[in-house]
Structure formats: C-alpha cells, structure tokens
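A short write-up of the structure that comes next.
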Amino acid sequence: MTTTQTSIYQTLGGEQGVRALADAFYDNMEQLPEAAELLVIHPQPMDSIRQRFYEFLSGWLGGPNLFEQKYGHPRLRARHLPFKVDSQMRDQWMLCMTRALDSHVSCPLTRMQLRQSFYQLADHMRNADID
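When you line the sequence shown up against UniProt numbering, it's residues 1 to 131, in that order.
Here it is in structure tokens:
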C-alpha cells in the first residue's frame, strides 16, 4: 500500500491559493494602519515583491521551487539584514499574515500550523532587539 502526503501548497489550492495568500498578505500591509512601518520599507509599487513572495511561498509550502529557480537560495535573513527587523516589525508582519491566513485557510489545524511556522520564520528575521 502506498500513501500520498498532500503538501500545504496543494491543501491551499496550488498556484491559485498560494497566490491569493501572498496577495492578501500585501493587501493587509497596504490597508492596515498598524502595519504602516512595515509598509514603508517595501518598494512601491509592490507588484514585483508580491510576485517574489508568491514564488518563495510556492516552494516553502511544498510546491514548485520558483524562487530558487529564478534567484537561487532565498537566504532570507541575509536579504533582510539591510532593514531593521525588530519585534515590532515581526509583529506587524505577523498581523498581516495572520489576517491573510484567517481569510484564506479554511482548516483551523492547517491555519494554526501555518501561523506557528510563519511566526518562527518571522522571528528568525529579527536583527534588532534580540534578547
């Protein structure tokens, strides 16, 4: 007997679902006053960053490794070193992602697992006020 494990990428609906999650994240960043400091450090317009984030999420969630194919290893922490990423920035990032997850991930267990994984990722990006 063989078993097939479904990736989070597939669970979210593949390309369409992951793209919707990435777009919702950036929509939240643009719309939430609580994320104003986070928004300021992103290049405008955000079309290219939305695309890159989708490409990163695609591979990170178990789908095609689009980001690595185009740009190489993500090296996320190194890419974010030019920016001050403190607990406040992490929390603003998580607010945007939590809202995106709440609106685009229907399964509570998957939503909770993703929230935990994204928190670990966001916390790893901190390069200021590290305890």
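Note that the Cβ used here is the ideal one computed from N, Cα and C, for glycine as well.
With 16 other Cβ atoms within 10 Å as the buried cut-off, status of residue i
i    : result
C96  : buried
V40  : exposed
Q44  : exposed
A122 : buried
R75  : exposed
Q69  : exposed
Q5   : exposed
Reference residue i, options the options, closest by Cα
i    : options             : result
M46  : A78, M94, Y71, D23  : D23
Y54  : F25, H80, S117      : F25
N127 : V18, S58, R79       : R79
R50  : R111, E37, A35, E30 : E30
G72  : R52, Q88, M89       : R52
I8   : M89, I130, S106     : S106
V85  : N28, A20, Q16, E37  : E37
N28  : F83, S103, L109     : S103
Residues near residue i in its chain [Cβ-Cβ closer than 7 Å; skip 5 each side]
i    : result
R77  : H124, M125
R115 : T98, L101
E34  : Q92, L95
Neighbourhood of residue i by C-beta distance below 6 Å, restricted to the same chain and skipping five residues each side
i   : result
L57 : V18, A22
- Message: Quick check for students: name the residue ranges of the alpha helix (DSSP H) that lie wholly in the stretch 9-90, counting only runs of 4 or more.
- Response: The qualifying runs are 14-31, 36-40, 47-60, 66-71, 76-80.
- Task: Could you say if the stretch 56-67 and the stretch 10-19 meet the contact criterion of at least three C-beta pairs nearer than 8 Å?
- Result: The stretch 56-67, when compared against the stretch 10-19, does touch it at the 8 Å Cβ threshold.
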